[in-house]
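Student: Here it is, the structure in full.
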Amino acid sequence: MPTAPQTTDELYRALQENDRRPYGRTRTVTAEELVDVAEQFAEPVPLVHALLELQEAYTYGSEPRKSPVVFARLLTLFDEQPDVFDERLRHMLFWRFKWVANALVALPEIPLASLRQWLTEMRDRYEKAGLGLQPYYGQAYRLAAHVGEDTEPAFELWAGRSRTRLSDCEACEICERGLYHLAAGDDERALRTWEPVLAGKESCQEEPARSVSYALLPLLRTGRSDRARELHLAGYRACRRNPSMSGEVGRHLEFCALTGNEARGLELLAENRSLFDEVDSPLDLLGFLTGVEVLLQRVEFLGHGDLPAAGYAGRTWTVAGLRAEVRDRADDLAARFDARNGTTAHTDRRRARLDRAPLLDALELTLRARGLDDVAPAAPAPAPTVRTAAAVPESLPELIVRARELDEQAHPEAAACWARLRALVAVPGYAHPDDPAVGPLVRLRADLLADEASRAAEKDEFDASVALYEEAASLYDEAGAPQQAALTRARAVLTAAERPAEGADGAEAKAALLTDAHAALVRLHEQTPGLAPYQEARLLRLRVTALGLRLQTSGSEEHVAPVFAEADVLLDFATRHDIAGQVSGALMLRASTYALSGDLPAAVEQIDALLGRLKEHGPAWHVPRTLGLRGRVQLGLRDAQAAHADLTESLRLAADWPSDAIDTARLHGDLAQASMHLGRPDEALRHLTRSAELELRHGSRTEAFCTYSNAARLSLDLGRVEDCIALLDSLLAEPDVVAGELDDRLVAQLRLTRARALHAGEDLKAATAEFAALAAESAGWDDDPGSHAMIAAETAVLLAESGEFGRAREAADQALAAHAEAPRYEQLSNCLRELARLQAQQQGREGLRDALAFLADAGRVADEARAAGYEARGRSLDPALAYEHGRVNAYGQEFETALTALDEALTLLGEPGPDEEHAAEWAECVRLAGVVEGLYLERPAPALNRLDAALSRLTALGHTDETEPLTSLAARLRDEG
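Here our numbering is used: the first residue of the sequence shown is 54, the next is one more, and so on.
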């Protein structure tokens, strides 16, 4: 919390803001701080609101031990000052008796008698307040179900009563009723009971995610595997990494284990590894650990007990090792609950889950179908899955006709038909049907080549794509389909113009090529009679696209109007001929043109109108694309929250279509950007890895490795060192990397990030070796001396940390030489100052001369930077250098020189102001000057004067944290004086 609220109005605003945060430590800590603030006000009402917010944070943050404590304070306030509680607050208070009951049940250390005593307290309070007792009987049933005794009469007492205002929501009560039937072994009745929730008709904070997790196995047992798959995908997204829904996560892991998706289960376990340490509820933890054990037991049974697994922090785990750990902990928890309850219910339920046999050999859950043999250490999170594809016709003539029909519509499912046909045609002895509706084999071969050309273009394989299109066009001519031949040649023309431009004037040259391409497309259009409406619409679409790409390339204002004009022609034609996909395409191109021309609000307006049309007229697969575009525009408008919402919904809808229909890799990349803007780096990392996986799967290996590189760097920034190293190790072991087929600079970037991760992981030896090897290689990068300067500088620092100052000097000299060609002022200055510090610190007076030589080099770099007008992004170079002179000379026992340098640094820094970083740097400089002057030069009086003046200055400015080391030093000087 940056600034504590000073008034009750500010407090209420802070409470509202916190209420919008997701449940977790950030929200909980803020709620705790706001209670402290509320206690400062004389009014009790703000404190009541703050306590209610804190109890909610504890309840949904899976901290059941703390929730009852907060409620006790609320109940005391209610008993002492009932008038403080208006009708709304009173309702909330009585509602939360149930929260406390649930929290106490989740703690095995709370005696059963105490649980029943609390329920008696709840009943008495409800009766005294004139409230209906259905909620009380609901809690009594839950306790009976938990204990495993007298469940049936408790259920009847609850379920037979009318609901009240304080009853659980419909969705939660439906879940409980379904669980009662499930426990009785009636899957069908349980599923019927849950259906309103599973269908989304009833929902709440926890539903439908909770019911979904319980419904997965009954759906499989009753033969509804497709429904189970759909609910798993949606339900897991709603509960992943949520400590208060760890039991639900455990049931999803169990579902994976029992459907032949053990590899996905391990990936989901890795995504939820934080739950091992974040779940504070023993009951939730028991459910989670049991689900984990079901998964690990299955993996080990299949002979993969040595595979790595994500488990408790602080060590690495194998499947077998983690299973043993989880088994012991879960057995202990079950035994504790049974001991408290006087039954064997939890041990029995746990054993029943562990004894279940797989329900299906294999149920495809993800696009990336992986077996345990494919699992690599620290494998990235899985890509999103898609719904079961539409059935491909079995009859060959029907399949060919269907493929062409879908292709005419640009329907995403055309790809599956073409893939099937490609496989059939490739079979030796293929017999083409003699059917006029199908046409000759040469026509089918042309179709397949055109599809292959399209896929090559999507991978930016432009030369291959053009060649395939031209070959397909020739075959269309041979097959007597001149219109289709013309359309295919048009696609070749545009694809040829899309080749990347190189050189300083590359953009201008490419814009000229696109202008020529547009003219060629117009000629083709005019010279081709007999076009079917869908073919003519496609030619018009290619014409608009050529102009749109030209605008995107040039950014020229004069290129805007032609795009709109062509788009309007397409829109008019498609509207007259009722070609929904092209109507949508034209509107999309108009919106994109507004965005490219800088009119982002107009782009949003166009997209909103398009989305409205798509909902009414379709095509449905354009919706996620359109939402993705709006998300990108919202990023341009700097509304990251709106962008995130659009992109998330786009990604959710994209899961309904084949992966190559919507650019889900780009959606994940855009979501990573939005997440970073929202301060959610972990979420951004997740999206980056998914984007990379999709790119890799679609054959865009260079793009995939670039995205992986970004993900690795972000992982390192987040302190997830082992994850970073494992990810990079797996990438660097890829066959094309080992064979030297991937771009060497990209591989070097991966290795550089790995070296930094090794350093962060305190594997200094391995990090130094990797850095040294990279420095040697980058020395030959004549076209990129700046990168060599950076790598050589980092190498020098690692060598110095290892005490190899001779080699460090050599590496620093390499960095300086490269810096002379491509200046890296700040990086070199930081490196040289750090080298000086390390040498003086490790060698004292003996290393002073060489340390000062490093500082002399840093001084020359600072002079160059000043002459070039360079401004450092971090610490200013001159005061930082003066400070380092002071520190280095102090290490070398040249104390007078050190003090002089520190005084110079203080002069360069100037007096502190409100900026915290500047104040911290200034305070550290004062502290070191005080140490040198008061302790080493034994002049305590002037040192104390210096410190006291600084303390007064910092205190007046409110920099209390910065005063602590100065206060401590002053006290020491006074004690010793």
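For every residue, glycine included, the Cβ atom is placed at its ideal position computed from N, Cα and C.
#1: From which residue to which residue does the alpha helix (DSSP H) around I844 run?
#2: Considering only the beta carbon of each residue, do Q659 and A639 sit closer than 8 Å?
#3: Can you tell me which of the three DSSP states P553 falls into?
#4: Considering just the uninterrupted stretch of the alpha helix (DSSP H) at W834, what are its terminal residues?
#5: Have a look at Y936 and C978 and give me their C-alpha separation to the nearest angstrom.
#6: Is the Cβ-Cβ distance between L269 and L284 less than 8 Å?
#7: To the nearest whole angstrom, what separates the beta carbons of A958 and L1007, a pair I think is in contact under 8 Å?
#8: Given this structure, state the Cα-to-Cα distance separating H938 from A832, to the nearest angstrom.
#9: Quick check: what's the CA-CA separation for D381 versus A197?
#10: Is L567 near H578, with beta carbons less than 8 Å apart?
#11: How is W710 classed by DSSP in three states: helix, strand or coil?
#12: With a 10 Å radius around its C-beta and 16 neighbouring C-beta atoms as the bar for buried, classify A366 as buried or exposed.
#13: Short of 7 Å in beta carbon distance, which residues of its chain neighbour A532, apart from the five on each side in sequence? Order them along the chain.
#14: Of all the options A154, R804 and G183, which has the alpha carbon lying nearest to the alpha carbon of T173?
#15: Just to confirm before moving on: does the CB-CB distance between A526 and S518 stay below 8 Å?
#16: My parser needs the beta strand (DSSP E) runs of 3 or more residues fully inside the stretch 89–175; what are they?
#17: Checking 8 Å against the spacing of the C-beta atoms, do G318 and C309 come in under that value?
#18: With 16 other CB atoms within 10 Å as the buried threshold, where does K151 fall?
#19: Below 8 Å, can you find three or more Cβ-Cβ pairs linking the stretch 961–972 to the stretch 981–990?
#20: Could you tell me the distance, in whole angstroms, from the CA atom of R804 to the CA atom of P932?
#21: Kindly indicate which three-state DSSP category A573 falls into: helix, strand or coil?
#22: Check whether the stretch 840–847 and the stretch 870–881 touch, using three or more Cβ-Cβ pairs below 8 Å as the test.
#23: Do the CB positions of I453 and L474 come within less than 8 Å of each other?
#24: Exposed or buried, which one is H670 when buried takes at least 16 other CB atoms within 10 Å?
#25: On the premise that A820 lies in contact with L811, defined as a C-beta separation below 8 Å, what is that separation, rounded to the nearest angstrom?
#26: Work out the CA separation of G608 and S650 for me, nearest whole Å.
#27: Which residue comes first and which comes last in the alpha helix (DSSP H) that contains M641?
#28: Report the CB separation of A220 from P188 in whole angstroms; it is logged as a contact under 8 Å.
#29: DSSP on A422, reduced to helix/strand/coil?
#30: Do you know offhand how far E209's Cα is from N394's?
#31: Would the beta-carbon of L731 fall within 8 Å of that of Q687?
#32: In chain order, what are the residue ranges of uninterrupted alpha helix (DSSP H) at least 4 long that sit wholly in the stretch 574–615?
#33: With respect to the alpha helix (DSSP H) encompassing S762, which residues constitute its N-terminal and C-terminal limits?
#34: Contact between the stretch 710–725 and the stretch 737–744: three or more CB pairs below 8 Å?
#35: With DSSP as the reference, label A362 as helix, strand or coil.
#36: Among A560, N314, A889 and E1017, which one has its Cα closest to the Cα of R980?
Tutor: Straight from the coordinates:
#1: P838 to E854
#2: no
#3: coil
#4: Unbroken run through W834: none, as it is neither H nor E.
#5: 7 Å
#6: yes
#7: With 8 Å as the limit, A958 and L1007 do not qualify as a contact, their Cβ atoms being about 17 Å apart.
#8: 30 Å
#9: 26 Å
#10: no
#11: coil
#12: exposed
#13: G492, P493, V495, R496 and A499
#14: A154
#15: no
#16: none
#17: yes
#18: buried
#19: no
#20: 34 Å
#21: helix
#22: yes
#23: yes
#24: exposed
#25: 4 Å
#26: 7 Å
#27: A633 to L649
#28: Here residue 220 turns out to be Ser, not Ala, going by the sequence shown. Yes, S220 and P188 are in contact; Cβ-Cβ is about 5 Å, under 8 Å.
#29: No answer about A422 holds up, because its pLDDT of 47 lies below 50 and its placement is not dependable.
#30: 21 Å
#31: no
#32: 586–607
#33: R754 to D770
#34: yes
#35: strand
#36: E1017
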